[in-house]
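Asker: Protein chains in written order, with our numbering: chain A, 2 to 381; chain B, 1230 to 1836; chain C, 885 to 1067; chain D, 75 to 247.
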């Protein structure tokens, strides 16, 4: 059955094909797309193509009051929004000389790690789906939802918590929250062996992911790779430890690394980080009740808030890598410039373009997902 | 590195582990929407009783989702700071951040746990919602994200105002209030949410949001410019205004209102007198109109009219019976509340524009009204309420029973009189506090102790004087008794005043809220005094009109009948200020503007 | 070790002419340098002081000064400190040198800045459009481009007119202040 | 108290001796008429700005006069009177301490009000006394009614007195 107007197309003799991954490819969400040039099943070259998912954040921020942007920034990275809020707030606090109360700092750490757990569950769930292991994805999304329940309870919103504001956080922790958080952690920890059995020890996954999208540590450094992707090349670097913010210097945690630099290693690093995040959260739950005091320092009326002139560059470790905000104030009631240095835009464009070359078509989606890039942040 | 067993290859029987899942409970989600968390950010509700339509939610909304909608039938009262507008939300734009809740000055708006709304394409109008207490679909849902002290973005506390300590102030007339530092002023100004309630409630509609904004921006000169758009008595109003603006201030709904009066004072004090004169002169016409206007009374109403009219190029002469300008602001307000040099500064701005003030000239005695009518194009009477009322209780005709306004004038003029060792003031308004505190200072100076009692008819719940006046008077040693009705001034057999007898007041208002005091005969007290000062009310001396003009004029319940421009039934004669509206500086200023506008219009027609 | 390196860096930077340097705290240094000296300084920082990671390049449009400010944030894994190198170039013609030879990630940042600010980097491997493939207007991140005005001109806002509003209008009420009036 | 006060007093004595309602009303009516005439005569004496006050007082007395006239002509007065007295208004002793002045040629507003208060007070007390000294029945009820009427009028004047004299308010002066 062919349409009446069908005409066979003469293919170029080179056997080169161009294929567009996304925006509607099932392997990738959002509008960001990836074009590959193929010879047979082998990728000859690759090109990232930006889309229009949540576009124009930086421009929008220049037109909004300092506080209004807190409702905007979490949208830059949907799966892992908390670091966006915290990093933006940190930048304004540095500019405005605001002292964030200790209790608020601990609450921020708690959210950051909750967000990391949720994001990692999403990330390897997504990766599993690219290799056809949809159960892992379903489980990951379902368990992430349990974390979102706690976000909803703490912040009033499931995904965009809009909970951190310059000066601290917006609400006190609800009664009984820490107990519920604690039992959630027990549950998640009990799930880890299930995930290992289903996915991380699964030979199908190991064989598919090993040596796929591999890079050396040297290459990673040269390409500006950060976060779990960098740690998967064996370099134990983490902003939380090496450029500490909030109260991370008071917390006990390890920085997992893997030597392989490939898709497998990147997923294994995330798997290990789940455990570390649970470990950090347990410490927060233990410490938080004894840290009393306000959850926010006094801030001026948001409608008449001039942040002192200056600039600040604040960095946090998001689940995807190094996230930084460069904020410039001219002393007005709106930012003069906000530059978001996101991990995803770096990974999803240059790094992915490099890694994809030479790989096989069926591995491209795996490479993409193992880098864990977040399309709205690329399109930012 | 923690040992995670994912690296071992496991057993060939591994897959059998999945059999264990048969023992796990299946996960079932109900079809109905799951109840949301306690502080969920769902659809809005708005308590219309609390909401005042200040539109602060609209200003903080980062997505431009809020439209203000006028709702006929809802209360609307500029004096109380209430508009009949309510926010409507466009759920096509709202992102449920809840900033509107956190900043709401009244705490009326909150988000609920309701989060499902479905509609067809032709029902898109249902996205535009006017939140009321019943929720988007009229179904009850618990409140979600609501105002809490933690989340409140409104600063409920005023910057503290420094004052001279009671021990340092009770024997002198130095100004008590320090005024804001520039740092304090900027912080205080930053509390403002620019709702404009103050502007609407102010009798002269001062551009308070604009000058507060200018102060916040550190631009005191711009603030003065904004102030002079509507008030040439701002040193005075910056100190002693009745500040209806602060009553209407939306921040005052749950906390201290923005200290608008002190901010005005700050701006006026921060700019040099010379620069203020330059700013005030901006906009003065560069021609001479050839019209002559006479103004009787150099108080706020008269001089404000003079200010407006001289800026229009008219030749303005002000006739003042006393030897200094200011009227009641000089002769009624003690110097510790309003230093005379600040009043002088306000007046000098006006005279520097070319207004002539002829002092020691009493119209009706030195110059007749008929002369003014003949020689001037328009005449304004703004003579205020210079005479004190008497209780006329038995014994009140004794010479040691004085009237507060006269005594205050004497103190200002520095005329000598014998300061009583013990005195009682009848009355509970600010004038009563003024005379009590002034006499207390003189007592302290001369006798080293204060023996001063104020007997007010009203109870403290309905007190007329400002609370801070009461507090400060007490700090200075004045005893204030509430609910005391004057019965009789007691005179001994030698004709010497020995005190005042009062009866307890059971209640002061009837069920309609009108004054109708009820006394308790069994509760009689005698307050020793060698002087009793009556401070119950004031009136105008209209004798300047003479019988003939009085007959020609139309009257309304004892006051001159004036039209909406302040014009009397005589086309050349206007009347303004306290004598029309009762005692209030800022009202007098507003009235001055009003008659000036009326005269300007009249002169234009007359040509 | 990192402390010694820091001291060494401070000494080095204070020796170079045309460089202003300001240590904010133990891990943040701000350096202001003339645009002609910037590549050399970065080379020094990378080659001799271990600042191998280019965290970001930020462009700021100082339209009133007629200048673009470029800020290069470089991080050292060894000293664990971040140097932000600021330089300013004329807004017109808006051409500068690429540092791709030193830092490969610069390609992405330079491409982004070129797209958003119209600032051309000579020697950058890829100045192609990334997002704005269908855009022929001015570079949108420039201060003289008013995004909100553009949107209001080119897009249609949903005009709601529900029954409750019609009822209110009949009673003499209705919309008084639209959101765009207060922005 | 002026001669009018004395005149009233003697007239009340006259009432006391009367027994029928019709007769009592007739005398009461003559009081109100006298008061109306007094105020009417005062109008030209006071300054124009205060005339409203005297005019209102005259109008009030005229109203009373008409009320009494219509009562006298009403065959059902007994039942009507009974209806009216169920909630007798209470006297407040405010005007007790207002000295009664000599009104003189050019009385001010305060003096006029003081005089009016004194008159209403005297009338109220007289009716009250009459009511108290009569047995329950139609005559008693009529006095009760008249006392209440005068009490209400006096209260109204007291409020007006405050609003004019105690106008101090929260002013600045």
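Ideal placement from N, C-alpha and C gives every residue a C-beta, glycine not left out.
Given the structure is predicted, the values throughout are model-derived calculations rather than measurements.
(1) State the Cα-Cα distance for the pair residue 916 of chain C and residue 1496 of chain B, rounded to the nearest angstrom.
(2) Do residue 1649 of chain B and residue 1760 of chain B have their C-beta atoms closer together than 8 Å?
(3) Quick one, which residues of the segment 113-145 of chain D are near chain B if we go by CB-CB under 8 Å, in chain order?
(4) In terms of residues, what are the limits of the beta strand (DSSP E) holding residue 89 of chain A?
(5) Are the C-beta of residue 1248 of chain B and some C-beta of chain A separated by less than 8 Å?
(6) Which runs of the beta strand (DSSP E) at least 3 residues long sit entirely within the segment 1685-1750 of chain B? Give them in chain order.
(7) Which whole runs of the alpha helix (DSSP H) in the segment 1369-1401 of chain B are 4 residues long or more, in chain order?
(8) Identify every run of the alpha helix (DSSP H) within the segment 106-167 of chain A, keeping only runs that are complete inside it and at least 4 residues long; order them along the chain.
(9) I'd like to know whether the C-beta atoms of residue 1476 of chain B and residue 1459 of chain B end up nearer to each other than 8 Å.
(10) Output needed for residue 163 of chain D: all residues of its chain with C-beta closer than 8 Å, excluding positions within five of it in sequence on either side, in chain order.
(11) With a threshold of 6 Å on Cβ separation, who are the neighbours of residue 1711 of chain B within its own chain once the five nearest residues in sequence on each side are excluded?
(12) Out of C:1013, C:993 and C:1058, which one is the CA nearest neighbour of residue 1358 of chain B?
(13) Kindly identify the DSSP beta-bridge partner or partners of residue 946 of chain C.
(14) Any beta carbon of chain C sitting closer than 8 Å to that of residue 1311 of chain B?
(15) Take residue 1509 of chain B and list the residues in its own chain whose beta-carbon comes closer than 6 Å to its own, dropping the five residues that flank it on each side.
(16) Helix, strand or coil for residue 364 of chain A per DSSP?
(17) Output the boundary residues of the alpha helix (DSSP H) element that contains residue 268 of chain A.
(18) Grab the span of the beta strand (DSSP E) containing residue 1275 of chain B for me, first residue to last.
(19) Would you mind reading off the limits of the beta strand (DSSP E) that contains residue 35 of chain A?
(20) Quick one: which residues of the segment 1248-1265 of chain B get their C-beta closer than 8 Å to a C-beta of chain A? List them in chain order.
(21) To the nearest whole angstrom, what separates the beta carbons of residue 1910 of chain B and residue 1402 of chain B, a pair I think is in contact under 8 Å?
(22) Suppose contacts are defined by Cβ-Cβ distances below 8 Å. Is residue 1718 of chain B in contact with residue 1627 of chain B by that definition?
(23) Residue 909 of chain C by DSSP, collapsed to three states: which one?
(24) With residue 1297 of chain B as the anchor, note down where its beta strand (DSSP E) starts and where it stops.
(25) Please compile the residues from chain D whose C-beta is within a distance smaller than 7 Å of the C-beta of residue 1743 of chain B.
(26) Thinking C-beta only, is residue 1342 of chain B closer than 8 Å to residue 1371 of chain B?
(27) Which bits of chain C does residue 238 of chain A rub up against, with CB to CB less than 7 Å?
(28) According to DSSP, is residue 1195 of chain B helix, strand or coil?
(29) Kindly indicate which three-state DSSP category residue 21 of chain A falls into: helix, strand or coil?
(30) Ends of the alpha helix (DSSP H) at residue 1531 of chain B?
(31) Taking the straight line between their C-alpha atoms, what separation do you get for residue 1203 of chain B and residue 1411 of chain B?
(32) Are residue 1437 of chain B and residue 1443 of chain B touching if we call contact CB-CB under 8 Å?
(33) Terminal residues of the continuous beta strand (DSSP E) containing residue 1760 of chain B?
(34) Considering only DSSP beta bridges, list what residue 1804 of chain B is partnered with.
(35) Closer than 7 Å, Cβ to Cβ, to anything on chain B: give me those residues from the segment 1029-1047 of chain C, in chain order.
(36) Starting from residue 1476 of chain B, follow the alpha helix (DSSP H) in both directions and report where the run begins and ends.
Answerer: This is what the structure gives:
(1) Within the model, the alpha-carbon separation for residue 916 of chain C versus residue 1496 of chain B is close to 39 Å.
(2) yes
(3) 121, 122, 123, 124, 125, 126 and 127
(4) Taken as a continuous stretch (DSSP letters only), residue 89 of chain A belongs to no beta strand (DSSP E), being part of the alpha helix (DSSP H) at 83-97.
(5) no
(6) 1708-1710, 1713-1720 and 1726-1738
(7) 1395-1398
(8) 135-156
(9) no
(10) Below a pLDDT of 50, predicted positions are generally treated as unreliable, and residue 163 of chain D, at 47, falls in that range; no measurement from the model is reported.
(11) 1685, 1688 and 1689
(12) Ranked by how close their Cα comes to the Cα of residue 1358 of chain B, the residues C:1013, C:993 and C:1058 have C:1058 in first place.
(13) C:951
(14) no
(15) 1457 and 1578
(16) If DSSP states are grouped into helix, strand and coil, residue 364 of chain A belongs with the helices.
(17) 264-288
(18) 1273-1275
(19) For residue 35 of chain A, the uninterrupted beta strand (DSSP E) segment begins and ends at 34-40.
(20) 1256 and 1265
(21) This structure cannot speak to residue 1910 of chain B, because chain B is shown only from 1230 to 1836.
(22) yes
(23) strand
(24) 1295-1299
(25) The answer, in chain order, is 233.
(26) yes
(27) Those are 961, listed as they occur along chain C.
(28) Residue 1195 of chain B cannot be examined here, being either before or after the span of chain B that is shown, 1230 to 1836.
(29) Here residue 21 of chain A sits in strand by DSSP.
(30) 1529-1540
(31) As displayed, chain B neither begins before 1230 nor continues past 1836, which places residue 1203 of chain B out of reach and without an answer.
(32) No. Outside cutoff.
(33) 1760-1763
(34) Residue 1804 of chain B pairs with B:1610.
(35) 1042, 1044, 1045 and 1046
(36) 1473-1477
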